[in-house]
Amino acid sequence: MSTQAPAASAQASSTETNRWVVLVLVCLAQFMVVLDATIVNVALPSIQSDLNFSPGNLAWIINSYTLLFGGFLLLGGRAADLFGRKRVFLAGVVLFSIASMLCGLAQSQGTLIAFRALQGLGAALVSPAALSIIMTTFADGAERTKALAVWGAIAASGSAFGLLLGGFLTESLSWEWIFIVNVPIGIAAFLFSLRLIPESKGESDGQSFDLVGALLVTGGLVSLVYAIVKAGEESWGSSATLGFGALGIVLLIAFIAIETRHRDPLVRLGIFKIRSLSTSNGVMLVVAGGMFAMFFFATIYVQEVMGYSPLKAGLAFLPFTVGIIAGSVMAQQLIPRIGVRLQILGGLTLAAIGLLLMTRITPEGSYAAELLPAVIVMSIGMGNTFVPLTLLATTNVEAEDAGLASGLFNTSQQIGGALGLSILSTLAASRTDGLIADGSNPVGALVDGYHLAFLIGAVFIAAGAAAIVLLIRRRDVASINAAEAGQVQMAH
19 MSTQAPAASA
29 QASSTETNRW
39 VVLVLVCLAQ
49 FMVVLDATIV
59 NVALPSIQSD
69 LNFSPGNLAW
79 IINSYTLLFG
89 GFLLLGGRAA
99 DLFGRKRVFL
109 AGVVLFSIAS
119 MLCGLAQSQG
129 TLIAFRALQG
139 LGAALVSPAA
149 LSIIMTTFAD
159 GAERTKALAV
169 WGAIAASGSA
179 FGLLLGGFLT
189 ESLSWEWIFI
199 VNVPIGIAAF
209 LFSLRLIPES
219 KGESDGQSFD
229 LVGALLVTGG
239 LVSLVYAIVK
249 AGEESWGSSA
259 TLGFGALGIV
269 LLIAFIAIET
279 RHRDPLVRLG
289 IFKIRSLSTS
299 NGVMLVVAGG
309 MFAMFFFATI
319 YVQEVMGYSP
329 LKAGLAFLPF
339 TVGIIAGSVM
349 AQQLIPRIGV
359 RLQILGGLTL
369 AAIGLLLMTR
379 ITPEGSYAAE
389 LLPAVIVMSI
399 GMGNTFVPLT
409 LLATTNVEAE
419 DAGLASGLFN
429 TSQQIGGALG
439 LSILSTLAAS
449 RTDGLIADGS
459 NPVGALVDGY
469 HLAFLIGAVF
479 IAAGAAAIVL
489 LIRRRDVASI
499 NAAEAGQVQM
509 AH
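Mapping the sequence shown onto our numbering, position 351 (from 1) lands on 369, and the numbers just tick up by one.
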């Protein structure tokens, strides 16, 4: 199975538009979406002070965004296939921009969390439509790898740049501007995309829109994460933890039951028979959990333990952006030579080592000796991972399922990040509370809690590498490696 022919036809139908211009536009919107997943991290202390957030509720500023983002990505991907990728992409940009303005105007905890969720919904329309536009614009081989290298670098570096921009805006203006800054970017992306991106969609054949499925899977995931959060506040055996956990499981079982019977399901479950797709999504689920934890804990560490200002905290993670870009360029060069499978394993190994290096941080806090080496190693590892993992998740898929495949992959990243952050923050807080109860120094106990989170995050990433070794066979990557090798030979 290949999307070569559809991609070629999409290129033929857009002769008036340079496909690299299309790539720039969809990457601009994706940059805005990914930026917002982390831009709030360095502003959290300011937001907590202004709106009187409790430590437990503070994580919902991040989780409300990532959960709605991840929960509705599948719906956004299928909508792009059915109603037009450009149309859904533009609708998402508009919704995201409006929600950003509302976040900047929020005056209470409830309204900010609600508008962050609305932002996530807009992002769920933008991201899968953008990735499926790339898949149907660029043919298999070196050109698609180059396009995905740019996409991967933008997506991953946006997370790190979000810390820098968030620090600058929070310190020089106020935390409200971390949201308002999206509005002019969204307007520019909408106007240029309206004119320059060609429309494309799959064969709809009168298919319907599975809104019930999207609501069930989103409700199930939100319930599970809330149960994990309550476990940190109360206990794993509390009625709230068990109740919301059970509700989440019931909703997800109902989702699967409906998908098996629905005429036009949100997720055609048979797509998971594609081993490369199902494995890469599982790997992204656990890898994202480790990466989100790094950003969350490390940004709080540099501010609350090392005493960095928001701007200095953002600058501290600028090397992560550089490392991601460098790793993505390396991946583009190495994939044709060593193959997708080995490339992913190498990237994941570096990323896991980077998280293990994070366990060396101390209450005294030395940036150059402790934090910087870990940031550099992990960023290069993630840059070397995202490009081949995206190829693995999207290549062996029919053209009419491009949006679904994109939605699944983005869902794995966002839900993995939300669940990973909830699990690791709960375990880190429990470790810290236990040490303080035993008489330990509060700062030392806090750092020990972070150590545990980084260690388990490294285990998550190592589990992803093990899945690649055990589940991906040579035939699963044969078409990708052949296309890459063929393009290299043509280039010479």
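Cβ atoms here follow ideal geometry from the backbone N, Cα and C, with glycine treated the same way.
The DSSP assignment places complete alpha helix (DSSP H) segments of no fewer than 4 residues inside the region 288-374 at 293-318, 328-334 and 336-356, in order along the chain.
P146: member of the alpha helix (DSSP H) spanning Q127 to T155, first to last residue.
C-alpha of G255 to C-alpha of D456: approximately 22 Å in a straight line.
In this structure, L92 lies away from L439, with their beta-carbon atoms at least 9 Å apart. Counting other Cβ atoms within 10 Å of its Cβ, D451 stays below 16 and is therefore classed as exposed. Non-local C-beta neighbours of G140 in its own chain, meaning closer than 7 Å and more than five positions away in sequence, comprise G110, L113, F114 and A117, ordered along the chain. Sequence-distant Cβ neighbours of M376 in its own chain, meaning closer than 6 Å and more than five residues away, are A392 and F472.
The alpha helix (DSSP H) runs of length 4 or more contained entirely in the region 253-292 are, from start to end of the chain, 257-279. A Cβ-Cβ separation of about 7 Å places T380 in contact with V465 under the 8 Å criterion.
Counting every other CB atom within 10 Å of its CB across the protein chains shown gives Q432 a total of 16 or more, marking it as buried. If you draw a straight line from the Cα of I151 to the Cα of I203, it comes to about 20 Å. Distances from the CA of G482 to each of T155, G300 and Q125 were compared; the closest alpha carbon is that of G300.
Boundaries of the alpha helix (DSSP H) around W38: R37 to T56. Cβ-Cβ distances below 8 Å link N70 to Q127 in the same chain, with the five nearest sequence neighbours on each side left out; the list follows chain order. Excluding the 5 residues flanking it on each side, I172 has same chain C-beta neighbours closer than 7 Å at C45, Q48 and F49, in chain order. When the beta-carbon positions are compared, G365 and N414 stay at least 9 Å from each other.
Residues of the same chain with a CB within less than 7 Å of the CB of L352, apart from the 5 flanking positions on each side, are Q361 in chain order. Less than 9 Å divides the Cβ of V305 from the Cβ of G434. Pairing L149 with L43 gives a Cβ-Cβ distance that is not under 9 Å.
Straight-line spacing of the CA atoms in L53 and N59 works out to 11 Å. Residues L76 of the same chain have their beta carbon placed closer than 6 Å to that of Q66, with the five preceding and five following residues left out of the count. Under the three-pair Cβ rule at 8 Å, the region 341-349 counts as touching the region 394-409. Taking a contact to require three or more Cβ pairs closer than 8 Å, the region 404-413 and the region 176-189 do not qualify as touching. By alpha-carbon distance to F310, the top candidate from L41, N36 and A55 is A55.
One alpha carbon belongs to M396, the other to I342, and they sit about 9 Å apart. In this structure, the beta-carbon distance from G475 to G308 falls below 9 Å. Collapsing the DSSP output to three states places N59 in a helix. Runs of the alpha helix (DSSP H) lying entirely within the region 387-453, each at least 4 residues long, are 390-412 in chain order. Assignment of A77 by DSSP, reduced to helix, strand and coil, places it in the coil class. Only residues of its own chain outside the window of five on either side were considered, and among them G180, L183, G184 and I196 have a CB closer than 7 Å to the CB of I57, listed in chain order. Under the three-state reduction of DSSP, D228 is assigned to coil, being neither helix nor strand. Scanning A485, V461 and A446 for the CA closest to the CA of H469 turns up A446.
In the three-state DSSP reduction, F71 falls in the coil class, being neither helix nor strand.
In the structure shown, I116 falls within a helical segment according to DSSP collapsed to helix, strand and coil. Note that the C-beta distance between V51 and S145 is below 9 Å. Each residue's CA atom was taken as its position, placing D68 and I79 some 14 Å apart.
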